[in-house]
Every structure is written in structure tokens, then in C-alpha cells.
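Student: Structure provided below as C-alpha cells; questions to follow.
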Amino acid sequence: MQNGQCVEQNKAAQLLTAPTHPYTQKLLNSEPSGDPVPLPAGQAPLLEVEKLHVAFPIRKGILKRVVDHNVVVNNISFSLRPGETLGLVGESGSGKSTFMNIIGCLDKPTSGTYYLDGSRVSDMDKDELAGIRNAKIGFVFQSFNLLARTTAVENVELPMIYGSTPARERTRLAAEALARVGLRGRERHLPSQLSGGQQQRVAIARAIVNDPSMILADEPTGNLDTSTSVEIMEIFKSLNDQGKTVIIITHENDIAEYGERIIVFKDGSIVEEKRKRNGAPQAKETIHT
């Protein structure tokens with residue numbers, strides 16, 4: 162079990178931090194990268210994908226020759242504007258997790274383009290993607306991914322460690338983020354001293370401490386009871402009210418309903434979209450990709 166915990170901790174550290182790389186520092190200084198995508202008049206999308214396609218080769222025989230491809234994400238075009246909340250819902254195997262990995266800059270598409278906050282991230286290398294993850298995206302995971310022997314405030318400091326933020330400033334910003342999610346006074350608590358809901362609040366504080374362009378929450382209530390799930394979703398709603406862009410990936414329709422927009426994944430495609438106006442569901446729209 163201890164080895165398993167170490168693997169999870171290493172995974173969290175890898176996803177939430179970036180190597181000391183000039184590109185990372187450039188992002189933290191808010192210098193745009195990549196070629197800007199031509200946009201229509203009005204507010205520019207924060208996130209835009211065009212003909213995004215992910216396929217994995219199927220190999221057979223002694224020589225492992227490619228005989229076919231398993232299409233997981235099928236030529237998706239999609240955009241999200243700053244300040245929107247999106248619920249991305251789909252059953253296991255629908256392709257939503259692979260799509261999440263692409264928009265979270267954890268993987269690269271087979272083909273297609275992806276722009277995030279003016280940067281063409283679909284063409285970036287491994288180090289550049291790590292910089293984007295650290296500076297532009299706040300991650301929240303189902304399993305919290307907190308370092309077990311590290312205090313709440315130290316867990317929240319993690320994304321800032323590889324930037325230029327001085328230690329004292331990191332602690333101050335981390336404490337402020339914890340206060341924003343209702344954990345003032347819990348800064349020195351270890352994860353084992355916190356409830357599941359409190360641990361997820363720490364994870365949300367960690368996600369927002371770098372003031373990212375987008376919060377990406379993967380099944381954020383999957384390990385929580387119903388009442389605690391409502392509390393956590395209200396935090397996301399509050400963050401959105403403050404202008405944060407939030408994407409919730411879930412298989413639960415009631416959780417997806419917190420989004421202003423809801424898109425449904427099936428067989429690697431977005432097959433349905435539902436929009437809300439003033440909190441009220443609007444007519445469903447079928448999306449052809």
C-alpha cells in the first residue's frame with residue numbers, strides 16, 4: 162500500500178508542477194506563446210479545438226504491424242469562452258477521459274489543433290506542455306492526490322515551488338487560497354487529520370493558487386457523499402461567479418447540471434449539447450462532429 166501511495170504522490174507531483182524551464186517562467190510572466198488562432202468578433206474563446214482526433218494503433222503479428230486504429234476521439238471541434246462552466250458527461254469508454262487528457266495538456270492529439278489562452282498547445286513539446294499545465298490549468302482529481310506527510314498549506318504551495326515565487330510569498334498565497342475554500346485555521350493539518358470533503362477543498366485551493374486560466378476537475382465528487390458533493394460543487398460555482406472558467410468531467414448527470422453548458426460524449430464524439438440561461442435548462446442541441 163505504501164508503494165501505491167508513493168506512485169500516486171509522484172503522479173500528482175508530475176502533473177501539478179513543471180520542470181525549471183525557460184518556457185515555464187515565460188508563461189508565469191503571462192507572455193503568450195504560439196500562433197494566435199483567427200477568432201470571430203467578440204470575446205475570444207479561452208479554449209478552442211478544431212478537428213481534434215485521437216487514434217491508437219492496433220498491432221498484430223510477430224512484427225507488430227499496424228493493422229487498424231482504435232479511434233477514441235473523433236474529429237471534435239469545440240470552444241469555451243472565459244468564465245463559462247462546462248459539464249462534460251459520458252459513460253466509461255465514451256472518450257471523455259482521453260479528451261480531458263488532451264485539454265489538460267497531459268497528452269497530444271493524433272491530429273487537429275488545440276488553442277488555450279492564445280497558445281497553440283497541440284504543437285508544443287513535453288516541456289512546453291508542462292509549463293502550460295503549471296501556469297494555465299488548475300487540476301482537481303477524484304482521489305485528491307495530496308501528499309500524505311505534507312501539511313495542507315504545503316500541499317497548496319506545490320504548484321508554485323518550480324516558479325520564482327519566494328517561500329514566504331508561497332506560504333501567504335497558499336493560506337489565502339485555503340481561506341477562499343473555507344479552510345482558514347487548517348493550514349498545518351495533515352491530510353489524515355482532514356475529512357474527505359476538507360481534503361478536496363485543499364485540492365481545490367491547490368488548483369487555484371497560481372490563478373490559472375482554467376480549472377479542470379475530473380470526477381471531483383467521486384469519493385464523497387451526497388451532502389459533501391453539494392458543498393464541493395458550490396465552491397466551484399462560487400469560483401465561477403468570481404470569473405473562473407471551470408470544466409467538470411463526470412459520469413453523473415446531476416453533477417454535470419452545475420455547468421452552464423453540458424456536453425455529452427459517446428463513442429468518441431460530442432453527440433449532444435444543452436445550454437442554460439439564468440440557471441434554467443434550455444432545449445437540447447445535437448452536435449455533429
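Throughout, my numbering is defined as the position within the sequence shown, counted from one, plus 161.
Note that the Cβ used here is the ideal one computed from N, Cα and C, for glycine as well.
1. How would you call K435, buried or exposed, if buried means at least 16 neighbouring beta carbons within 10 angstroms?
2. Got a sec, what are the start and stop residues for the beta strand (DSSP E) A216 sits in?
3. Going by DSSP, name the residue or residues bridged to T274.
4. Which residues does DSSP pair with G292 in a beta bridge?
5. Take N384 and list the residues in its own chain whose beta-carbon comes closer than 7 Å to its own, dropping the five residues that flank it on each side.
6. L241 by DSSP, collapsed to three states: which one?
7. Can you name the residues that DSSP bridges to F300?
8. Please state the DSSP three-state secondary structure of S430.
9. Among T259, V314, V232, which residue has its Cα nearest to the Cα of I410?
10. Expressed to the nearest angstrom, what Euclidean distance is found between the alpha-carbon atoms of E392 and P381?
11. So what does DSSP say about S194, is it helix, strand or coil?
12. Are L207 and F426 closer than 8 Å when you measure CB to CB?
13. Taking 8 Å as the threshold (C-beta atoms), are L308 and N295 in contact?
14. On the premise that V314 lies in contact with A335, defined as a C-beta separation below 8 Å, what is that separation, rounded to the nearest angstrom?
15. Should R362 and E245 be called a contact, given that it needs their Cβ atoms to be closer than 8 Å?
16. Could you spell out where the alpha helix (DSSP H) holding T332 opens and where it closes?
17. Starting from the C-beta of K297, find all residues in its chain whose C-beta is less than 7 Å away, skip the five residues before and the five after it, and write them out in chain order.
18. Reducing DSSP to helix, strand and coil, say where L188 ends up.
19. DSSP beta-bridge partners for L249?
20. Between the Cα of M394 and the Cα atoms of G254, L247, S255, which residue gives the shortest distance?
21. Output the distance between the C-alpha atoms of T271 and V234, rounded to the nearest integer angstrom.
22. Which two residues bound the contiguous alpha helix (DSSP H) that contains I263?
Tutor: In terms of the structure at hand:
1. The residue labelled residue 435 in the question sits at position 274 within the sequence shown. Buried, by the Cβ-count rule.
2. Here residue 216 is taken as the residue at index 55 of the sequence shown, counted from 1. Counting along the chain, the beta strand (DSSP E) containing A216 begins and ends at 208-221.
3. Here residue 274 refers to the residue found at position 113 of the sequence shown. E211, per the DSSP bridge assignment.
4. In the sequence shown, residue 292 corresponds to position 131, counting from 1. Partner(s): none; G292 has no beta bridge.
5. Residue mapping note: residue 384 aligns to position 223 of the sequence shown, counting from 1. Closer than 7 Å at Cβ, skipping near neighbours: Q303, S304, G357.
6. Numbered from its first residue, the sequence shown carries residue 241 at position 80. The answer is strand: DSSP assigns L241 an E or B state.
7. Within the sequence shown, the letter at position 139 stands for residue 300. DSSP lists L377 as the bridge partner or partners of F300.
8. Indexing the sequence shown from 1 puts residue 430 at position 269. Strand, per DSSP.
9. Taking the sequence shown and counting its residues from 1, the one referred to as residue 410 is at position 249. Closest option to I410, Cα to Cα, is T259.
10. The count along the sequence shown starts at 1 and reaches residue 392 at position 231. The count along the sequence shown starts at 1 and reaches residue 381 at position 220. Roughly 11 Å between the two C-alpha positions.
11. Along the sequence shown, one-based indexing puts residue 194 at 33. Because S194 carries a pLDDT of 34, less than 50, the predicted location of this residue cannot be relied on, and the following value inherits that uncertainty. Residue state, collapsed to three classes: coil.
12. Taking the sequence shown and counting its residues from 1, the one referred to as residue 207 is at position 46. Taking the sequence shown and counting its residues from 1, the one referred to as residue 426 is at position 265. Not in contact: L207 and F426 (Cβ atoms no closer than 8 Å).
13. Reading the sequence shown from its first residue, position 134 is the one you call residue 295. Reading the sequence shown from its first residue, position 147 is the one you call residue 308. No; because the gap between Cβ atoms is not below 8 Å, this pair is not in contact.
14. Here residue 335 refers to the residue found at position 174 of the sequence shown. Here residue 314 refers to the residue found at position 153 of the sequence shown. Going by Cβ atoms, the distance from A335 to V314 rounds to 5 Å, so yes, they are a contact pair.
15. Counting from 1 along the sequence shown, the entry for residue 362 is found at position 201. Counting from 1 along the sequence shown, the entry for residue 245 is found at position 84. Cβ atoms of R362 and E245: not closer than 8 Å.
16. For this step, residue 332 is matched to residue 171 along the sequence shown. Its alpha helix (DSSP H) spans residues 328-341.
17. Start at 1 with the first residue of the sequence shown, and residue 297 comes out as number 136. Around K297: L188, L277, D278, P373, S374, M375.
18. Locating residue 188 in the sequence shown gives position 27, counting from the first residue. Below a pLDDT of 50, predicted positions are generally treated as unreliable, and L188, at 41, falls in that range; the measurement from the model is reported next regardless. Of the three classes helix, strand and coil, the one that applies to L188 here is helix, per DSSP.
19. For the purposes of this step, residue 249 is taken as residue 88 along the sequence shown, with counting starting at 1. Answer by DSSP bridge pairing, in chain order: I410, I424.
20. Here residue 394 corresponds to residue number 233 of the sequence shown, with the count starting at 1. Cα-wise, what sits closest to M394 is L247.
21. Within the sequence shown, numbered from 1, the residue matching residue 271 stands at position 110. Within the sequence shown, numbered from 1, the residue matching residue 234 stands at position 73. Each residue's alpha carbon lies about 9 Å from the other.
22. Counting from 1 along the sequence shown, the entry for residue 263 is found at position 102. Its alpha helix (DSSP H) spans residues 257-264.
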